[in-house]
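**Q**
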Amino acid sequence: MRKQIISGLAAIAALAACATAPEPALPQFAADVPAPVASVDPRVKFKDGERYLRDLSANLGIPREDICKELSRYDCMTDAFRIVLGGVEAPNLLVNEPIENAALTSPIAVDRVALHVCSNRVRMDREDPAEAVLFKAGAFGADGRARTPDAEWLNATADAIYGSILMRSPSEREIQNLAAYYTQVADGRAANSPDVAADWVTLSCFAVASSLEAVFY
Amino acid sequence: MRNWKPRPGPWLTFGLAGIALAGAALAPGAPLIQTASAKPPAPMAFCHAYPEAKACNTGFADCVACHTTPPARNAFGMQISEKLAPGVTRPLSDEDFLKYLPVALKAVEDLDADSDGFSNIVEIMAGTQTADANSVPKSLACAADDASRAAGAQWNVCTFDAAYAFKKVHMDFCGRSPTRADMDAFRTITDEKQKLARISEALDQCLDSPYWLGPNGVVWNIANAKIRPAHAVKSGANPGPVPLGDYDDDYNLFTWASSDDHDVRDLLLAQYFVKRTGPVTLEQISEEELAKRPRGTAQPVPKDKRVGMISTRWFGAVNTMFTSIPRTTAAQAYRSYLGFDIARMQGLNTVPHEPKDYDIKGVGAPECAVCHATLDPLSYPFTRYNGISGGYSYNDDRLKDYVRVDGPRVAEAPAGGMILGEEVADLLEWGKVAANSDAFAMKVTYDYWKLLIGREPDVNDQAEYTRMWRGLKSATTYDYRVEKMLHDLVLTNAYGRP
Amino acid sequence: MTRHLSRRNFLRTASLGATGAFIAARAPQDAFAQEVMIERAKNPRFLIVLSSFGGANQVDAFLSRRESEVPNAKTLNAYPDDMVQTIGEFRAIDMKGPSIGAIPAAFTANQSNFVRKHNNDMMVVTHTGTSVNHFVAQQRSINGNAAWKGRTLQEAVALTYGAGYAIPNVHLVNGTGFTERGTDNTLPAYVYGERAPTPNLWPLSLDGYRGIAGAPDRKLFEAARKFRNERLDPPPTSSARSAAASGSSTGPTSGAMHCAAWRPRISSPS
Numbered sequence: 472m473r474k475q476i477i478s479g480l481a482a483i484a485a486l487a488a489c490a491t492a493p494e495p496a497l498p499q500f501a502a503d504v505p506a507p508v509a510s511v512d513p514r515v516k517f518k519d520g521e522r523y524l525r526d527l528s529a530n531l532g533i534p535r536e537d538i539c540k541e542l543s544r545y546d547c548m549t550d551a552f553r554i555v556l557g558g559v560e561a562p563n564l565l566v567n568e569p570i571e572n573a574a575l576t577s578p579i580a581v582d583r584v585a586l587h588v589c590s591n592r593v594r595m596d597r598e599d600p601a602e603a604v605l606f607k608a609g610a611f612g613a614d615g616r617a618r619t620p621d622a623e624w625l626n627a628t629a630d631a632i633y634g635s636i637l638m639r640s641p642s643e644r645e646i647q648n649l650a651a652y653y654t655q656v657a658d659g660r661a662a663n664s665p666d667v668a669a670d671w672v673t674l675s676c677f678a679v680a681s682s683l684e685a686v687f688y
Numbered sequence: 009m010r011n012w013k014p015r016p017g018p019w020l021t022f023g024l025a026g027i028a029l030a031g032a033a034l035a036p037g038a039p040l041i042q043t044a045s046a047k048p049p050a051p052m053a054f055c056h057a058y059p060e061a062k063a064c065n066t067g068f069a070d071c072v073a074c075h076t077t078p079p080a081r082n083a084f085g086m087q088i089s090e091k092l093a094p095g096v097t098r099p100l101s102d103e104d105f106l107k108y109l110p111v112a113l114k115a116v117e118d119l120d121a122d123s124d125g126f127s128n129i130v131e132i133m134a135g136t137q138t139a140d141a142n143s144v145p146k147s148l149a150c151a152a153d154d155a156s157r158a159a160g161a162q163w164n165v166c167t168f169d170a171a172y173a174f175k176k177v178h179m180d181f182c183g184r185s186p187t188r189a190d191m192d193a194f195r196t197i198t199d200e201k202q203k204l205a206r207i208s209e210a211l212d213q214c215l216d217s218p219y220w221l222g223p224n225g226v227v228w229n230i231a232n233a234k235i236r237p238a239h240a241v242k243s244g245a246n247p248g249p250v251p252l253g254d255y256d257d258d259y260n261l262f263t264w265a266s267s268d269d270h271d272v273r274d275l276l277l278a279q280y281f282v283k284r285t286g287p288v289t290l291e292q293i294s295e296e297e298l299a300k301r302p303r304g305t306a307q308p309v310p311k312d313k314r315v316g317m318i319s320t321r322w323f324g325a326v327n328t329m330f331t332s333i334p335r336t337t338a339a340q341a342y343r344s345y346l347g348f349d350i351a352r353m354q355g356l357n358t359v360p361h362e363p364k365d366y367d368i369k370g371v372g373a374p375e376c377a378v379c380h381a382t383l384d385p386l387s388y389p390f391t392r393y394n395g396i397s398g399g400y401s402y403n404d405d406r407l408k409d410y411v412r413v414d415g416p417r418v419a420e421a422p423a424g425g426m427i428l429g430e431e432v433a434d435l436l437e438w439g440k441v442a443a444n445s446d447a448f449a450m451k452v453t454y455d456y457w458k459l460l461i462g463r464e465p466d467v468n469d470q471a472e473y474t475r476m477w478r479g480l481k482s483a484t485t486y487d488y489r490v491e492k493m494l495h496d497l498v499l500t501n502a503y504g505r506p
Numbered sequence: 124m125t126r127h128l129s130r131r132n133f134l135r136t137a138s139l140g141a142t143g144a145f146i147a148a149r150a151p152q153d154a155f156a157q158e159v160m161i162e163r164a165k166n167p168r169f170l171i172v173l174s175s176f177g178g179a180n181q182v183d184a185f186l187s188r189r190e191s192e193v194p195n196a197k198t199l200n201a202y203p204d205d206m207v208q209t210i211g212e213f214r215a216i217d218m219k220g221p222s223i224g225a226i227p228a229a230f231t232a233n234q235s236n237f238v239r240k241h242n243n244d245m246m247v248v249t250h251t252g253t254s255v256n257h258f259v260a261q262q263r264s265i266n267g268n269a270a271w272k273g274r275t276l277q278e279a280v281a282l283t284y285g286a287g288y289a290i291p292n293v294h295l296v297n298g299t300g301f302t303e304r305g306t307d308n309t310l311p312a313y314v315y316g317e318r319a320p321t322p323n324l325w326p327l328s329l330d331g332y333r334g335i336a337g338a339p340d341r342k343l344f345e346a347a348r349k350f351r352n353e354r355l356d357p358p359p360t361s362s363a364r365s366a367a368a369s370g371s372s373t374g375p376t377s378g379a380m381h382c383a384a385w386r387p388r389i390s391s392p393s
């Protein structure tokens, strides 16, 4: 695993020097993991917006009432997207049961919620590094000089993201995926920029938080 | 009201059964033209014969069990037809039809209407279509090598996975995932019995959570379609602009009867009301306290006339409203607590010589009587309970106030009626018959099953679903305690197999 | 362009804005049919359905009768002649009262302003029907008791004129039979009503990025979606799909879970 991380980082370093580069491709992995057995009776349930936000709130350390607000005022679930995110509101909206079929806007609403939450978390981490949950400064040397995030930092951050959102450790493949994704986020910017690192954390958080595993159970 | 979603299965059955029907019609000796007339009691009669068939999960079979487009029969229906009261003059009366149907069903059990290799009785019990060769019973067992691979995966999709069930219990009953520490600790347990005990422990805690029991919680929201709140006309706390009644009483009673060691039949038997004393705590209201309520939230029906959820002020306000013979009220009660939606021709149990049409609404016309021969006698016991006009009270002479509008015969409508084929003297007896019926147990179980499993009971769920609702009725099993049933439900394969 | 658009990329396609592109994806391949749909989309009709229920009766508004016109004026819903205004093809009544029948609620109704403003764009559709079940009666009023394969009025209009629009059928009202989906499952998916239960905030749900403070650049956000879709949530392979369909227990899955169509569950507290 260490060799793969280092080679991935070598790719990051090489690409960071490029002023303009085409979108870097993510590494292709050999089919070394056996295919899982398909369920003979597949059923998954949507977490619905309230449970989704409660999980994120508990695991990312943001109070439920603050975790996601549209236009800085309206709670994402209670006010903005309650019905399309699987909620009910019988006395006023006459919606007695969750909608049977996902609305067109349901997956977009999930993406919005995930992006709100992750942007919030990283912003809070940058404002108060001592209480950081996802974006921890360690990539940057004690002398204050920024340096390209190293394997240890990438691993730890990937672990923090998966641990917080999916409540498990990432597999090797998942770590490699996220580490290699750093080059896409850098996208012609200096790889050792704290903003790039923050963007990578935000977007990795977003990708994991809006993944099927996070949204269904 | 149960969601009315078009089901592709029956429509596919229509097409294929149509082909089967045409084939049958072309067979030597088969009639080219069928004569038949509608038999609304047939779905329930089918389920009297096969109460544990998948088609009878709701207490009544779909018409597609025997028909393509009613009254045209599919291949299975044709087989029954050949055995049904041979020699008796057609069309059969409803009484004759119901009398001879069980024998005819028995006679065709070992036949195979769709020639798919599975006999009719096997398919009926399995829940597959007897007249559709593409619909065959399936096994959910994994192949041996898949089973061993699945056992080593994150989730074991070939069997009940205790870790998966542990996580689901938290999501479904507590409204959140277990913490990572809890999940990791669970995974260290090796003894299966200990795992199940841990699941049960988690469930116990979550059943007392605000997410499950609180206002606007899970149990509360199950009642939405039964209570049909409308804030615009709410009285009491947080009233609407036109306060007519407070549905909080209804929600609290529903939550009470569905929780702890309470008998869920109190939904139709309770003669008390319940108040909320905390986020998850409820207690019965004394009659003295109830009597002190202001006019806007009073419950005027006297204690000895109360019938649980179906005689509350709110129920009368939104269903009976200003009606003499409150058919909508009876239909809503039938739908909500027994699962029969008469508007969709479910639960029809024709009563001879009905409807009498006491209020001259024209319900005696043949096309109306199909439903009203069940609905009207179902409604008579509700006629002594006022809605908005009459102040939500009980009044034996109530119908006299409707003579001017509905004609003199309306005052002759009896207080007694019929439900599920049984005569009842009043609404109290109506409630008792309903509460003790299979349909009630099925409906209660169905509501939680659909919520927690994520779908209606399926072909492969029959054994477990039947065990749940029969257990609910049994004094030695769950004894009408919802939480006891839930403790077993979360240990079923339907719940815990990923 | 694929003919079957998944929900996740639907609005990305919508942002192309090209009517022809839409219709090419939605219409049958017949060139003439596509031509017809493009022409209709250029000159659309916008149907706005106003619904009223709970005792309200629009016949008492736009088609109200004067007492002098009705033989049994005392028994039927007729109004004093001077209350009924004729505006264009329609009628209007302005009134106020201390109660709505036996319901103790004061009200004021001003229909004439509305009719005066909109009568050139109004259509009042009557139907003869009955059901004591409000929900069923509402459904029947917009589907004619399944007169046309179970399609609703809104679905029919969306089918005829809506091929060039991302969301041609939107429901701002929920929980009534007026906005329930019809029973004709042969219609293309875009025709069925999209729910907008909170209209003032609903537009936010049309874009996964706009208005989110502190988010990285939009380009990066779109790349993140792609990363998630391709690396974290790879779609099942065709072999997995056919394996699942046949009930076989082999084949790769995403986390051993299939998610063909998700159904939100009851149990969401407010």
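Residue numbers (our numbering), protein chains in the order written: chain A, 472 to 688; chain B, 9 to 506; chain C, 124 to 393. Positions of the beta carbon are idealized from the N, C-alpha and C atoms, including for glycine. Just so it is clear, the structure is predicted and the values come from calculations on it, not from any experiment.
1. Looking only at C-alpha atoms, which of C/Lys-219, C/Arg-318 and C/Ile-171 sits nearest to C/Val-247?
2. Return the CA-CA distance between B/Tyr-255 and B/Asp-274, expressed in angstroms with no decimal places.
3. What is the rounded straight-line gap between the Cα of A/Leu-649 and the Cα of A/Ala-629?
4. Might you give, ordered along the chain, the residues of its own chain that have their beta carbon closer than 6 Å to the beta carbon of B/Glu-430, omitting 5 neighbours on each side?
5. May I have the straight-line CA-CA distance separating C/Thr-231 from B/Val-177, to the nearest angstrom?
6. Which one of B/Asp-257, B/Val-111 and B/Leu-346 has the shortest CA to CA distance from B/Gln-354?
7. Of all the options B/Asp-404, B/Ser-332 and B/Ser-344, which has the alpha carbon lying nearest to the alpha carbon of B/Asp-414?
8. Does DSSP classify A/Ile-533 as helix, strand or coil?
9. For B/Val-282, which residues does DSSP report across the bridge?
10. Pull up the distance between the alpha-carbon of B/Leu-211 and that of B/Ser-266, whole angstroms please.
11. Tell me which same chain residues have a C-beta within less than 6 Å of the C-beta of C/Asp-307, skipping the five on either side of it?
12. At what residues does the alpha helix (DSSP H) containing B/Phe-262 begin and finish?
13. Taking only beta-carbon atoms, is C/Val-292 less than 7 Å away from chain B?
14. Round the Cβ separation of B/Val-326 and B/Ser-319 to the nearest angstrom and send it over; I've been treating them as touching at under 8 Å.
15. Leaving out five residues before and five after B/Ser-294 in sequence, what residues of the same chain have Cβ atoms less than 8 Å from its Cβ?
16. State the DSSP-derived secondary structure class of C/Lys-240, mapped to helix, strand or coil.
17. Which residues does DSSP list as the beta-bridge partners of A/Tyr-545?
18. Taking 7 Å as the CB-CB cut-off, is A/Pro-507 touching chain B?
19. Does DSSP classify C/Arg-188 as helix, strand or coil?
20. In chain order, what residues of the segment 329-341 of chain B put their CB closer than 8 Å to some CB of chain C?
21. Quick check on DSSP: helix, strand or coil for B/Met-52?
22. Mapping the DSSP letters down to three states, classify B/Gly-425 as helix, strand or coil.
23. Taking 6 Å as the limit between beta carbons, can you name the residues of its chain near B/Leu-113, skipping five residues before and five after?
24. Which residues bound the beta strand (DSSP E) around C/Gly-220?
25. Is the Cβ of C/Asn-308 closer than 7 Å to any Cβ of chain A?
26. Could you please tell me which residues of the segment 343-355 of chain B, in chain order, have their CB closer than 8 Å to any CB of chain C?
27. Where do the ends of the beta strand (DSSP E) carrying C/Ile-210 lie?
28. Cβ atoms of B/Pro-48 and B/Val-378: under 7 Å apart, would you say?
29. Note down the Cα distance separating A/Arg-525 from B/Lys-146, rounded to an integer number of angstroms.
30. When you compare the CB of C/Pro-339 with every CB in chain A, is at least one pair closer than 7 Å?
31. Would you mind sorting A/Asn-567 into buried or exposed? The rule is 16 or more other CB atoms within 10 Å of its CB.
32. Tell me the DSSP secondary structure of B/Arg-505 in three-state form.
33. Output the distance between the C-alpha atoms of A/Asp-550 and A/Leu-575, rounded to the nearest integer angstrom.
34. Using a Cβ-Cβ cut-off of 7 Å, state whether A/Met-548 counts as contacting chain B.
35. How big is the Cα-Cα spacing for C/Ser-235 and B/Val-490?
36. Looking only at DSSP bridge pairs, what is A/Asn-567 linked to?
**A** So, to answer that:
1. Residue 247 of chain C sits at position 124 when you count from the first residue of the third sequence. It is C/Ile-171 whose Cα lies nearest to the Cα of C/Val-247.
2. For this step, residue 255 of chain B is matched to residue 247 along the second sequence. For this step, residue 274 of chain B is matched to residue 266 along the second sequence. Cα to Cα, B/Tyr-255 sits roughly 17 Å from B/Asp-274.
3. Position 178 of the first sequence, counted from the first residue, corresponds to residue 649 of chain A. Position 158 of the first sequence, counted from the first residue, corresponds to residue 629 of chain A. Taking the straight line joining both Cα atoms gives about 7 Å.
4. As a first step, residue 430 of chain B is located in the second sequence; it is residue number 422 there, counting from the start. The answer, listed in chain order, is Val-441.
5. Here residue 231 of chain C refers to the residue found at position 108 when the third sequence is read from its first residue. Here residue 177 of chain B refers to the residue found at position 169 when the second sequence is read from its first residue. If you take the alpha carbons of C/Thr-231 and B/Val-177, they lie about 51 Å apart.
6. To locate residue 354 of chain B, count along the second sequence from 1; it is residue 346. With distances taken between Cα atoms, B/Gln-354 lies closest to B/Leu-346.
7. Translated into positions along the second sequence, residue 414 of chain B becomes position 406. Considering only alpha carbons, the answer is B/Ser-332.
8. Taking the first sequence and counting its residues from 1, one reaches residue 533 of chain A at position 62. Here A/Ile-533 carries a coil assignment [DSSP, helix/strand/coil].
9. Here residue 282 of chain B corresponds to residue number 274 of the second sequence, with the count starting at 1. Answer by DSSP bridge pairing, in chain order: B/Gln-292.
10. Residue 211 of chain B sits at position 203 when you count from the first residue of the second sequence. Residue 266 of chain B sits at position 258 when you count from the first residue of the second sequence. A straight-line Cα-Cα distance of about 15 Å links B/Leu-211 and B/Ser-266.
11. Translated into the one-based positions of the third sequence, residue 307 of chain C becomes position 184. Excluding its 5 nearest sequence neighbours in each direction, C/Asp-307 has C-beta neighbours in its own chain below 6 Å: Lys-272, Gly-273 and Arg-274, listed in chain order.
12. Along the second sequence, one-based indexing puts residue 262 of chain B at 254. The continuous alpha helix (DSSP H) containing B/Phe-262 extends over residues 256-265.
13. Translated into the one-based positions of the third sequence, residue 292 of chain C becomes position 169. Reading off the sequence, residue 292 of chain C comes out as Asn, not Val. False, the Cβ-Cβ gap to chain B never drops below 7 Å.
14. For the purposes of this step, residue 326 of chain B is taken as residue 318 along the second sequence, with counting starting at 1. For the purposes of this step, residue 319 of chain B is taken as residue 311 along the second sequence, with counting starting at 1. Incorrect: roughly 13 Å between the Cβ atoms, too far for contact.
15. Walking along the second sequence from the start, residue 294 of chain B turns up at place 286. Within the same chain, B/Ser-294 has no close Cβ partners at all.
16. Counting from one through the third sequence, the residue named residue 240 of chain C turns up at place 117. Assignment of C/Lys-240 by DSSP, reduced to helix, strand and coil, places it in the helix class.
17. Reading the first sequence from its first residue, position 74 is the one you call residue 545 of chain A. DSSP, once it has assigned bridges, lists A/Glu-541 as partnering A/Tyr-545.
18. If you number the first sequence from 1, residue 507 of chain A lands on position 36. Yes, because at least one Cβ of chain B sits closer than 7 Å to the Cβ of A/Pro-507.
19. By 1-based counting over the third sequence, the position of residue 188 of chain C is 65. C/Arg-188 falls in the strand class under three-state DSSP.
20. Residues of the segment 329-341 of chain B whose Cβ lies closer than 8 Å to any Cβ of chain C, in chain order: Phe-330, Arg-335, Thr-336 and Ala-339.
21. For this step, residue 52 of chain B is matched to residue 44 along the second sequence. Reduced to three states, the DSSP call for B/Met-52 is helix.
22. Counted from its first residue, the second sequence places residue 425 of chain B at position 417. Strand, per DSSP.
23. As a position in the second sequence, residue 113 of chain B is number 105, starting the count at 1. Contacts found: Ala-57.
24. If you number the third sequence from 1, residue 220 of chain C lands on position 97. 213-220 is the extent of the beta strand (DSSP E) around C/Gly-220.
25. As a first step, residue 308 of chain C must be located in the third sequence, where it is residue number 185. Closer than 7 Å: no.
26. Answer in chain order: Ala-351.
27. As a position in the third sequence, residue 210 of chain C is number 87, starting the count at 1. Unbroken beta strand (DSSP E) run through C/Ile-210: 207-210.
28. Numbered from 1 along the second sequence, position 370 holds the residue referred to as residue 378 of chain B. Numbered from 1 along the second sequence, position 40 holds the residue referred to as residue 48 of chain B. One thing to note: B/Val-378 has its Cβ within 7 Å of the Cβ of B/Pro-48.
29. For the purposes of this step, residue 525 of chain A is taken as residue 54 along the first sequence, with counting starting at 1. For the purposes of this step, residue 146 of chain B is taken as residue 138 along the second sequence, with counting starting at 1. When rounded, the distance between both Cα atoms is 39 Å.
30. Walking along the third sequence from the start, residue 339 of chain C turns up at place 216. Yes, because at least one Cβ of chain A sits closer than 7 Å to the Cβ of C/Pro-339.
31. As a working note, residue 567 of chain A is residue 96 in the first sequence. With 16 or more other Cβ atoms within 10 Å, it is buried.
32. On the second sequence, residue 505 of chain B is found 497 positions in, with the first residue counted as 1. Coil, per DSSP.
33. Position 79 of the first sequence, counted from the start, is the residue given in the question as residue 550 of chain A. Position 104 of the first sequence, counted from the start, is the residue given in the question as residue 575 of chain A. One C-alpha to the other measures close to 18 Å.
34. Residue 548 of chain A sits at position 77 when you count from the first residue of the first sequence. For A/Met-548, the answer is no, since every Cβ of chain B falls outside 7 Å of its Cβ.
35. Here residue 235 of chain C corresponds to residue number 112 of the third sequence, with the count starting at 1. Here residue 490 of chain B corresponds to residue number 482 of the second sequence, with the count starting at 1. When rounded, the distance between both Cα atoms is 55 Å.
36. Your numbering for residue 567 of chain A matches position 96 in the first sequence. According to DSSP, which records beta bridges pairwise, A/Asn-567 is partnered with nothing at all.
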